[in-house]
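Numbering (our numbering), first residue to last: 120 to 390.
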């Protein structure tokens with residue numbers, strides 16, 4: 120498989136998945152051995168309910184502004200290690216217009232992605248990715264809380280393949296994950312899908328869906344929920360190593376959560 124071609128599709132997939140307001144990390148393709156990818160994303164989400172099924176009594180609306188740098192390192196041709204801190208500003212408003220706000224670092228996520236199979240002819244790849252989320256910024260005395268205060272453990276299966284759509288280079292990335300949450304939030308099952316098309320060397324168009332549903336019972340302060348999000352975005356390559364992205368995400372389907380609307384952007388650099 121051509122390493123440069125594979126890396127280009129991997130970067131496109133990872134950038135768009137990572138810039139979503141969800142917690143998906145990257146596409147199925149590994150980062151090229153010995154290289155570092157840094158992706159700094161900024162998102163501004165508004166919702167009519169708290170995030171991740173959290174119950175805040177009297178809450179009428181919820182906002183989350185997040186700056187989230189990701190660092191990925193290609194340890195080998197088949198192994199990528201990643202770390203992602205998150206700085207957030209959370210704002211909750213009640214029915215009387217009163218506002219509570221917190222800001223600071225939220226959970227820190229650390230992951231490893233391992234390629235198990237690949238096909239040189241199609242550019243297809245299958246990988247697995249274990250992840251741990253650490254409650255580095257949690258404070259029970261601050262509301263809305265920055266995280267749940269307990270570690271999460273996730274296992275993800277990822278499949279990606281190169282495509283040709285109307286004569287244009289494209290790719291598909293599909294991911295299935297299960298996240299075990301050790302605190303009161305219920306466990307989560309996730310399905311993430313990405314389709315990317317490159318109309319020319321400078322631009323890439325992406326359409327994505329992110330579906331999450333809780334599994335089992337939720338503890339005190341949380342409730343079960345389901346949500347599906349759609350995201351559309353564009354990526355503009357400035358140089359061979361620097362690109363910009365801008366997109367919009369919304370939730371056409373949800374249960375026990377409010378509708379979510381998110382504007383997002385990012386800068387990603389490979390070196």
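The beta-carbon is built from N, C-alpha and C at its ideal position, and this holds for glycine as well.
ask   = Out of 152, 291, 219, which has the shortest C-alpha to C-alpha gap to residue 242?
value = Working through the chain shown from its first residue, we reach residue 242 at position 123. Among 152, 291, 219, the Cα nearest to that of residue 242 is on 291.
key: Nearest residue (CA-CA) to residue 332, options 340, 317, 306   = For the purposes of this step, residue 332 is identified with residue 213 of the chain shown, where counting begins at 1. Among 340, 317, 306, the Cα nearest to that of residue 332 belongs to 306.
ask   = Can you tell me whether DSSP reads residue 144 as helix, strand or coil?
value = Reading the chain shown from its first residue, position 25 is the one you call residue 144. Interpretation of residue 144 is limited by its pLDDT of 40, a score under 50 that renders its predicted location unreliable; the figure taken from the coordinates is listed afterwards. Note: residue 144 maps to coil in three-state DSSP.
query = Looking only at C-alpha atoms, which of 385, 370, 387 sits nearest to residue 379?
reply = Stepping through the chain shown from its first residue, residue 379 is reached at position 260. Of the candidates 385, 370, 387, the one whose C-alpha sits nearest the C-alpha of residue 379 is 370.
key: Same chain, Cβ closer than 6 Å to residue 347, neighbours up to 5 away in sequence not counted   = Here residue 347 corresponds to residue number 228 of the chain shown, with the count starting at 1. Taken in chain order, the residues that qualify are 330, 372.
ask   = Between residue 272 and the rest of its own chain, which residues show a CB-CB distance below 6 Å, the 5 nearest in sequence each way excluded?
value = For this step, residue 272 is matched to residue 153 along the chain shown. For residue 272, where only same-chain residues beyond five positions count, the Cβ hits under 6 Å are 251, 299.
request  = Could you spell out the range, first to last residue, of the beta strand (DSSP E) harbouring residue 257?
outcome  = For the purposes of this step, residue 257 is taken as the residue at position 138 of the chain shown. Here residue 257 belongs to no beta strand (DSSP E), and DSSP marks it neither H nor E.
request  = Can you tell me which of the three DSSP states residue 207 falls into?
outcome  = Stepping through the chain shown from its first residue, residue 207 is reached at position 88. In the three-state reduction of the DSSP assignment, residue 207 falls in the strand class, which pools E and B.
task = Just confirm the distance between the C-beta atoms of residue 188 and residue 159, as a whole number of angstroms; I'd bet it's less than 8 Å.
result = Counting from 1 along the chain shown, the entry for residue 188 is found at position 69. Counting from 1 along the chain shown, the entry for residue 159 is found at position 40. Going by Cβ atoms, the distance from residue 188 to residue 159 rounds to 5 Å, so yes, they are a contact pair.
ask   = Is it right to say residue 148 is buried, meaning 16 or more other beta carbons lie within 10 angstroms of its own, or is it exposed?
value = For the purposes of this step, residue 148 is taken as residue 29 along the chain shown, with counting starting at 1. With 16 or more Cβ atoms within 10 Å of its Cβ, residue 148 is classed as buried.
request  = Identify which residue in 246, 323, 354 has its Cα closest to the Cα of residue 199.
outcome  = In the chain shown, counting from the first residue as 1, residue 199 sits at position 80. The shortest Cα separation from residue 199 among 246, 323, 354 belongs to 246.
request  = Indicate whether residue 191 and residue 150 have their beta-carbon atoms separated by less than 7 Å.
outcome  = In the chain shown, residue 191 corresponds to position 72, counting from 1. In the chain shown, residue 150 corresponds to position 31, counting from 1. Yes, the pair counts as a contact, with Cβ atoms nearer than the cut-off.
inquiry  = Can you find the residues in the same chain that come closer than 8 Å, C-beta to C-beta, to residue 289, ignoring five residues on each side of it along the sequence?
reply    = In the chain shown, residue 289 corresponds to position 170, counting from 1. Excluding residues within five positions, the ones whose Cβ falls inside 8 Å are 281, 282, 283, 314, 315, 316, 317.
ask   = With 16 other CB atoms within 10 Å as the buried threshold, where does residue 321 fall?
value = Mapped onto the chain shown, residue 321 falls at position 202. By the neighbour-count rule (16 or more Cβ atoms within 10 Å), residue 321 is not buried but exposed.
task = Go ahead and label residue 285 buried or exposed: buried means 16 or more other beta carbons lie within 10 angstroms of its beta carbon, across all protein chains shown.
result = Here residue 285 is taken as the residue at index 166 of the chain shown, counted from 1. Exposed, since its Cβ has fewer than 16 Cβ neighbours within 10 Å.
query = So what does DSSP say about residue 337, is it helix, strand or coil?
reply = As a first step, residue 337 is located in the chain shown; it is residue number 218 there, counting from the start. Correct three-state label for residue 337: coil.
query = Expressed to the nearest angstrom, what Euclidean distance is found between the alpha-carbon atoms of residue 297 and residue 270?
reply = The residue you call residue 297 lines up with position 178 of the chain shown. The residue you call residue 270 lines up with position 151 of the chain shown. Rounded to the nearest angstrom, the two C-alpha atoms are 14 Å apart.
inquiry  = For residue 180 and residue 390, what's the separation of their Cα atoms in angstroms?
reply    = Translated into the one-based positions of the chain shown, residue 180 becomes position 61. Translated into the one-based positions of the chain shown, residue 390 becomes position 271. Answer to the nearest angstrom: the Cα atoms are 41 Å apart.
query = Roughly how far, in whole angstroms, is the beta-carbon of residue 208 from the beta-carbon of residue 225, given that I think they are within contact range, below 8 Å?
reply = Reading the chain shown from its first residue, position 89 is the one you call residue 208. Reading the chain shown from its first residue, position 106 is the one you call residue 225. Not really, about 10 Å apart at Cβ, beyond 8 Å.
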